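**Q** Got a structure here, written out as C-alpha cells. Questions coming.
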Amino acid sequence: MSYYRPLVQHGENRPEGALSLISGALWFTQVEVLDRGAPPRLMPAGLLPEDVRHRLTARRATIAGLDMTQPQIMGILNVTPDSFSDGGQHDEVGTACAAALQMVADGASIIDVGGESTRPGAELVPEEEEIRRTAPVIAAIRAGSQVPISIDTRKAVVLAEALEAGASLTNDVSGFTFDPALAPLTAQAGVPACIMHAQGDPATMQDSPAYDNVLLDVYDFLKAQIDRLEDIGVVREQIVIDPGIGFGKTLEHNLTLLRNLSLFHSLGCPILLGVSRKGFIGKLGHEPDAAARAPGSIAVGLAALAQGVQFLRVHDVAETAQAVRLWQAVR
Numbered sequence: 001m002s003y004y005r006p007l008v009q010h011g012e013n014r015p016e017g018a019l020s021l022i023s024g025a026l027w028f029t030q031v032e033v034l035d036r037g038a039p040p041r042l043m044p045a046g047l048l049p050e051d052v053r054h055r056l057t058a059r060r061a062t063i064a065g066l067d068m069t070q071p072q073i074m075g076i077l078n079v080t081p082d083s084f085s086d087g088g089q090h091d092e093v094g095t096a097c098a099a100a101l102q103m104v105a106d107g108a109s110i111i112d113v114g115g116e117s118t119r120p121g122a123e124l125v126p127e128e129e130e131i132r133r134t135a136p137v138i139a140a141i142r143a144g145s146q147v148p149i150s151i152d153t154r155k156a157v158v159l160a161e162a163l164e165a166g167a168s169l170t171n172d173v174s175g176f177t178f179d180p181a182l183a184p185l186t187a188q189a190g191v192p193a194c195i196m197h198a199q200g201d202p203a204t205m206q207d208s209p210a211y212d213n214v215l216l217d218v219y220d221f222l223k224a225q226i227d228r229l230e231d232i233g234v235v236r237e238q239i240v241i242d243p244g245i246g247f248g249k250t251l252e253h254n255l256t257l258l259r260n261l262s263l264f265h266s267l268g269c270p271i272l273l274g275v276s277r278k279g280f281i282g283k284l285g286h287e288p289d290a291a292a293r294a295p296g297s298i299a300v301g302l303a304a305l306a307q308g309v310q311f312l313r314v315h316d317v318a319e320t321a322q323a324v325r326l327w328q329a330v331r
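Heads up: the sequence shown begins at 1 in UniProt numbering, then just goes up one per residue.
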C-alpha cells in the first residue's frame, strides 16, 4: 500500500497544472509517495491515482454548519477538577457557561466540552460523574447561544445525555475503541464524529510509546476507524480526524506527525489538531507553566493551517483568533 503526502504551497504564483488542496487556496504540484520498507519518492500531482486525487482535491462538506474552507477555532472547555492546565476553573455551571460564551465572543466557532481529564496519568471517571459535570453545562451554553457544541467523551451514555442537552458532535479521544456502543449511537443520532488516534489509555499512554512508523501507523488506524464508522452508518463526509498529538507519543513522534500533517488529507476528511499548551510545547519552548504556552501553541497551529488543517482545538481563543486573522491577511 502506498501513501500520498501532498507538498502543500500557497501564494499567487501558482503554476499551471497545480492541484487545489481540498478546493481551497492551498495547492500542490508534487506528492511524496511513502511505502513501508522503501525510501520516499516524489511524484507529479498529475500522476496521482484518481481516487487519491479526488480525496486530496474535493471540497469538504460543512461540519456542524461550519465551513471547511475556512480555519475553525474549537474552544476547549474542561469541566474537570484535574485537567492539566485549566482543571477546576470551570467546575460550576454558571462559570463554565460564561467562559464558553466569552470564547464565542473571542472567535471560537465551536465549543468542546469535556468532563473527564485525558492528561497523561489520568484515571477513569465514572459515567454518572461525567454526565453530572457536562450535561448541565451544555444545556446552559445552548440556552445562551446557537454555537455548535462537541462532547469530548469515550462513553455512549455520556454522549446520549450530551445530545439531549444540545451537543452536536462526538469527539472521542479513544478513536471509538473504548465503548462499543459509542459509534452506533453516533450513527443513530446522525451527528458528526471526530476520530482521534491514541496509543494506550490516558493512565498509561506515555509510559513507553513505540511505533513501527508513527506516521503510517496513525494513518492506518484512522483509515480503519473511518471505514468502520462508515460501515455502521456514520456518513463519511461528517467524519473529522485527529492524529492525537501527545496521546501515546514521544516528542519525536509528535514532530514527525506535525511535519507531515498534509498526508492525512488523503483520507478525505477534515483534520482537527489539538496541541494547545501540551508538554512538548513546554519542552521545546522552555516554558514549564502550561498556562503560559499560548505563543508556542499558536506557532504550531499556524504551521498546521499552512498544511490545510481545518480545526484548531485551543485554550487561548482570543490570541489564536487574532493570529489566524493576521496569518490570513498576510497570505
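Think of the CB as a built atom: it goes at the ideal place given N, C-alpha and C, for glycine as much as any other residue.
The structure presented is a predicted model; accordingly, all values stated were derived computationally and were not measured.
Might you give, ordered along the chain, the residues of its own chain that have their beta carbon closer than 6 Å to the beta carbon of Val214, omitting 5 neighbours on each side?
**A** His253 and Thr256
**Q** With a cut-off of 8 Å, do at least 3 Cβ pairs link the segment 219 to 237 to the segment 179 to 195?
**A** yes
**Q** Whose C-alpha, out of Pro71, Gly24 and Ser2, is nearest the C-alpha of Val52?
**A** Ser2
**Q** Name the residue from Ala108, Pro40 and Pro120 whose alpha carbon lies nearest to the alpha carbon of Asn260.
**A** The candidate whose alpha carbon is nearest that of Asn260 is Pro40.
**Q** What does a CB cutoff of less than 8 Å around Ile281 pick up in its chain, not counting 5 residues either side in sequence?
**A** Val275, Glu287, Arg293, Gly296, Ser297 and Val300
**Q** For the candidate residues Phe176, Gly248 and Gln307, whose alpha-carbon lies nearest to that of Lys223?
**A** Phe176
**Q** What separation, rounded to the nearest whole angstrom, lies between the Cα atoms of Thr170 and Gly75?
**A** Distance between the alpha carbons of Thr170 and Gly75 is about 15 Å.
**Q** Report all residues from its chain with a CB closer than 7 Å to the CB of Leu7; omit the five preceding and five following residues, and keep chain order.
**A** For Leu7, where only same-chain residues beyond five positions count, the Cβ hits under 7 Å are Phe28, Gln30, Val31 and Glu32.
**Q** So, is Val330 buried or exposed, given that buried needs 16 or more other C-beta atoms within 10 angstroms?
**A** Looking at its Cβ environment, which holds fewer than 16 other Cβ atoms inside 10 Å, Val330 is exposed.
**Q** What does the alpha-carbon distance come out to for the pair residue 333 and Arg277?
**A** Because the chain is modelled from 1 through 331, residue 333 falls outside the range shown and cannot be assessed.
**Q** Measure the beta-carbon distance from Ile138 to Gly121 and round it to whole angstroms, keeping in mind my assumption that it falls under 8 Å.
**A** No, Ile138 and Gly121 are not in contact; Cβ-Cβ is about 27 Å, not under 8 Å.
**Q** Tell whether a beta-carbon distance below 9 Å holds between Glu116 and Thr153.
**A** In contact: Glu116 and Thr153 (Cβ atoms closer than 9 Å).
**Q** Assuming Asn254 is part of the alpha helix (DSSP H), what are its boundary residues?
**A** Unbroken alpha helix (DSSP H) run through Asn254: Leu251 to Arg259.
**Q** Quick check on this structure: which residue in Ile131, Ser23, Gly248 and Glu319 has the alpha carbon closest to the alpha carbon of Gly200?
**A** Gly248
**Q** Closest to Leu19 by CA distance: which of Ala38, Leu47 and Val93 is it?
**A** Leu47
**Q** Are the Cβ atoms of Val317 and Ala108 separated by less than 9 Å?
**A** yes
**Q** Would you tell me roughly how many angstroms separate the C-alpha atoms of Thr134 and Glu230, rounded to the nearest one?
**A** 27 Å
**Q** Measuring CA to CA, which of Ala162, Ala156, Gly94 and Asp112 is closest to Arg313?
**A** Asp112
**Q** What number of angstroms, rounded off, separates the C-alpha of Asp220 from the C-alpha of Val158?
**A** 28 Å
**Q** CA-CA distance, Ala323 and Ile271?
**A** Rounded to the nearest angstrom, the gap between the Cα atoms of Ala323 and Ile271 is 19 Å.
**Q** On the criterion of 16 or more Cβ atoms from any shown chain inside 10 Å, does Thr69 qualify as buried, or is it exposed?
**A** exposed
**Q** What's the call for Ala38, buried or exposed, on a 16-neighbour Cβ count within 10 Å?
**A** Taking all protein chains shown into account, Ala38 has fewer than 16 neighbouring C-beta atoms within 10 Å of its C-beta and is therefore exposed.
**Q** Could you say which of Ile73, Cys269, Leu302 and Leu326 lies nearest to Ala58 if we only look at CA atoms?
**A** For Ala58, the nearest C-alpha among the options comes from Cys269.
**Q** What whole-angstrom Cβ distance do Ser145 and Leu101 have, given they're in contact under 8 Å?
**A** Right, the Cβ-Cβ distance comes to about 6 Å (below 8 Å), so this counts as a contact.
**Q** Using C-beta distances below 7 Å, list every residue in its chain close to Ser262, excluding the 5 sequence neighbours before and after it, in chain order.
**A** Closer than 7 Å at the Cβ level, and outside the excluded window around Ser262, lie Arg5, Pro6, Val8, Gln307 and Gly308.
**Q** Measuring only the C-alpha atoms, how far is Phe84 from Gly11?
**A** With a pLDDT of 49 at Phe84, under the threshold of 50, the modelled position of this residue cannot be trusted, and the question is left open.
**Q** Applying the criterion that 16 or more other CB atoms from any shown protein chain within 10 Å of the CB defines a buried residue, is Glu128 buried or exposed?
**A** exposed
**Q** Checking 9 Å against the spacing of the C-beta atoms, do Leu251 and Lys283 come in under that value?
**A** yes
**Q** Would a C-beta distance cut-off of 9 Å place Ala96 and Leu77 closer than the cut-off?
**A** yes
**Q** Going by DSSP, which residues form a beta bridge with Gln70?
**A** DSSP output for Gln70 lists no bridge partner at all.
**Q** If I measure Cβ to Cβ from Glu319 and keep anything under 7 Å in the same chain, skipping five residues before and after, which residues do I get?
**A** Ala294 and Ile298
**Q** Would you mind reading off the limits of the alpha helix (DSSP H) that contains Met103?
**A** Run containing Met103: Val93 to Asp106, per the alpha helix (DSSP H) assignment.
**Q** Select from Arg325, Leu326, Ala321 and Gln328 the residue whose C-alpha is nearest the C-alpha of Ile73.
**A** Ala321
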